[in-house]
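Sequential numbering of the sequence shown, starting at 1, is according to full-length UniProt numbering.
We put the beta carbon where it would ideally sit given N, CA and C, even for glycine.
One structure below.
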Amino acid sequence: MSTVPTAADHRANERTDDRGAAQGAGAAGSSTPASRGRSRNKSAIGRQERLEIALLSGPAILLFLTFVIFPVIMAAYYGFFKWKGFGIPTNFVGLKNYITILTDPEFHAVLGHNAIILVASLLLQGPIALLLALLLNKKMRGQSLIRVLIFIPYVISEVIAGTAWSLLLQSRGGVNRLLEDVGLGALTGDWIADPRLAMITLMGILTWKYVGFAVIIFLAGMQGIPTELLEAAKVDGASYWQIQRRITLPLLGPTIRMWAFLSIIGSLQLFDLVYIIWGQYIASTAGTSTMATYMVVNGRLAGNYGYGNAVAVVVFLISLAIALTYQRFVLRRDTEGALTGGGQ
1 MSTVPTAADH RANERTDDRG AAQGAGAAGS STPASRGRSR NKSAIGRQER LEIALLSGPA
61 ILLFLTFVIF PVIMAAYYGF FKWKGFGIPT NFVGLKNYIT ILTDPEFHAV LGHNAIILVA
121 SLLLQGPIAL LLALLLNKKM RGQSLIRVLI FIPYVISEVI AGTAWSLLLQ SRGGVNRLLE
181 DVGLGALTGD WIADPRLAMI TLMGILTWKY VGFAVIIFLA GMQGIPTELL EAAKVDGASY
241 WQIQRRITLP LLGPTIRMWA FLSIIGSLQL FDLVYIIWGQ YIASTAGTST MATYMVVNGR
301 LAGNYGYGNA VAVVVFLISL AIALTYQRFV LRRDTEGALT GGGQ
């Protein structure tokens, strides 16, 4: 028996549809305030994090701007003047100081000296420090004492170290006397003034002074290598040197690259040991002068502080360019891995 829907049935269906639509609209309306509440919470958390970052990093940024960026800006400003170091600079020379620096053969020479020091420091200090770190990373008697003895030269003041070596390396100093006493008089020489020996002498002093710093950094990096990897390699029958080559050195890569970065910057800014041992005149004739000693000799000692400031700016730009290039092509993987949320 078939039934035909009446008008009352149609009205009932329409009321049911209206109630369903109203309920759906109510549900949609009730979800909107919740989502808005979550967005407000996220926005509040974001503001709180930014405030914390500003409070924690603000003092450091202020100090950096005050003692780094502002002096660089003022040095660049004074570099446009011929200035005696006091009063307001008035003798404007434009780019003359900077052009003189870039065309001065003496500056080209000291730039080459810094390049030699940079490369030699990496080639000498790196392998020596790595071998000492591998040795001191093993259990042995007197391990702590040896570590302290290696690190002592680094903590000695540059003034004390430079004064001591300048006395020992004189023509009749302790080094030549010792060589003569042990029957090696043929090896004596003028270690400071002879251009053939001066750079070798400088690299020997720098290695003695800073290799302990590299050893401590490498040892700290080795402490972070999981011992399970080393023990598993031993179980698999790997020799000691295979373990170092296949496991220790690759995992120590970030530490080595960071040490190399610090060594590069230090080589570009080397001043104190050279100036103390060789002085303002012998350094240039012996071939050990650096960009920093050139700045002092041709700026402060010559009474031309404008030129000295221009040299400081050029040295800063060279160091900055090398640092940014090294970070871009060498430290990029390490710095990206250290960033929080870098994979998001």
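* To do: Measure the alpha-carbon distance for L173 versus E180 and round it to whole angstroms.
  => For clarity, residue 173 is Gly in the given sequence; the question names Leu instead. Cα to Cα, G173 sits roughly 11 Å from E180.
* From which residue to which residue does the alpha helix (DSSP H) around V235 run? -> Taken as a continuous stretch (DSSP letters only), the alpha helix (DSSP H) holding V235 covers T227 to V235.
* Leaving out five residues on either side along the sequence, give the residues of the same chain with a beta carbon under 8 Å from the beta carbon of A27. => Here the model assigns A27 a pLDDT of 45, short of 50, so the residue's position is not dependable, and the following value carries that caveat. Same-chain partners within the cutoff: there are none.
* **Complete alpha helix (DSSP H) runs within the region 278-339 (minimum length 4 residues, chain order)** => Listed in chain order, they are 291-295, 305-329 and 332-338.
* Might you give, ordered along the chain, the residues of its own chain that have their beta carbon closer than 7 Å to the beta carbon of Q125, omitting 5 neighbours on each side? => Closer than 7 Å at Cβ, skipping near neighbours: T207, Y210, V211, A214 and S263.
* Asked: Hey, would you say S267 sits closer than 9 Å to S121, going by beta carbons?
  -> In contact: S267 and S121 (Cβ atoms closer than 9 Å).
* **Three-state class that DSSP yields for S30 in the structure shown** => Model confidence at S30 stands at a pLDDT of 48, short of 50, so the residue's coordinates are unreliable and nothing is read from them.
* To do: Locate the alpha helix (DSSP H) running through R257, then write down its first and last residues.
  => Segment G253 to L268, the alpha helix (DSSP H) holding R257.
* Find out if the Cβ-Cβ distance for the pair L169, T201 is shorter than 9 Å. => In this structure, L169 sits near T201, with a CB-CB distance shorter than 9 Å.
* Contacts around E228, its chain only, beta-carbon distance under 8 Å, and the 5 residues preceding and following it disregarded -> Excluding positions up to five away in sequence, the list is empty.
* **Of the listed residues V235, A286, A220 and I152, nearest to M258 (C-alpha basis)** => Comparing alpha-carbon positions, the option among V235, A286, A220 and I152 lying closest to M258 turns out to be A220.
* **Buried/exposed call for A8, threshold 16 Cβ in 10 Å** => Since pLDDT at A8 reaches only 48, below the 50 mark, its modelled position is unreliable, and the value read off the structure follows with that caveat. A8 should be labelled exposed.
* To do: Determine the contact status of T288 and H113, defining contact as a CB-CB distance below 9 Å.
  => Their beta carbons are under 9 Å apart, which means T288 touches H113 by this criterion.
* **Length of the line joining the Cα atoms of L339 and Q327** => Per-residue confidence for L339 stands at a pLDDT of 49, beneath the threshold of 50, marking its modelled position as unreliable; no derived number is given.
* To do: Check F81 in the structure and name its three-state DSSP category.
  => F81 sits in a strand when the DSSP states are folded into three classes.
* Asked: Applying the criterion that 16 or more other CB atoms from any shown protein chain within 10 Å of the CB defines a buried residue, is T293 buried or exposed?
  -> Buried is the call here.
* To do: State the CB to CB distance for the pair G189 and L178, rounded to an integer number of angstroms; the pair is presumed to be in contact (CB under 8 Å).
  => Not quite, the Cβ-Cβ distance comes to about 13 Å (not below 8 Å), so this is no contact.
* Asked: Would F218 be called buried (16 or more neighbouring beta carbons within 10 Å of its own) or exposed?
  -> With 16 or more other Cβ atoms within 10 Å, it is buried.
* Assign F86 to one of three DSSP states: helix, strand, or coil. => In the displayed model, F86 falls within coil according to three-state DSSP, outside both helix and strand.
* To do: Specify the secondary structure class of F92 as computed by DSSP and reduced to three states.
  => F92 falls in the strand class under three-state DSSP.
* Are T71 and G306 closer than 9 Å when you measure CB to CB? -> Here residue 71 turns out to be Pro, not Thr, going by the sequence shown. If you check the CB distance, P71 and G306 do not come in under 9 Å.
* Asked: In three-state DSSP terms, what is I156?
  -> The three-state reading of DSSP puts I156 in coil, since its state is none of H, G, I, E or B.
* Using a Cβ-Cβ cut-off of 6 Å (strictly less than) and excluding sequence neighbours within five positions of A75, which residues of its own chain qualify? -> Excluding sequence neighbours, A75 sits near N309, A312 and V313.
* To do: Verify whether the separation of the beta carbon atoms of N97 and G85 is less than 9 Å.
  => Not a contact, by the Cβ cut-off of 9 Å.
* Whole-angstrom C-beta distance between N304 and K82, which should lie under 8 Å -> So it is a contact: roughly 7 Å between Cβ atoms.
* **P195 CB to nearest heavy atom of the ligand HEM below 8 Å** => With respect to the ligand HEM, the structure shown offers nothing to examine, as it has no ligands at all.
* Are E106 and L273 closer than 9 Å when you measure CB to CB? -> Not closer than 9 Å, so no.
* Asked: What's the C-alpha gap between L252 and I152?
  -> Going by the C-alpha atoms only, they are around 24 Å apart.
* Below 8 Å on the Cβ atoms is my guess for I150 versus L132; work out the distance and round it to an integer in Å. => Confirmed, about 6 Å.
* For K138, does the three-state DSSP call read helix, strand or coil? -> DSSP, reduced to helix, strand and coil, places K138 outside both helices and strands of the structure shown, so it counts as coil.
* Excluding sequence positions up to five away, which residues of its chain have a Cβ less than 8 Å from the Cβ of F67? -> Excluding positions up to five away in sequence, the list is empty.
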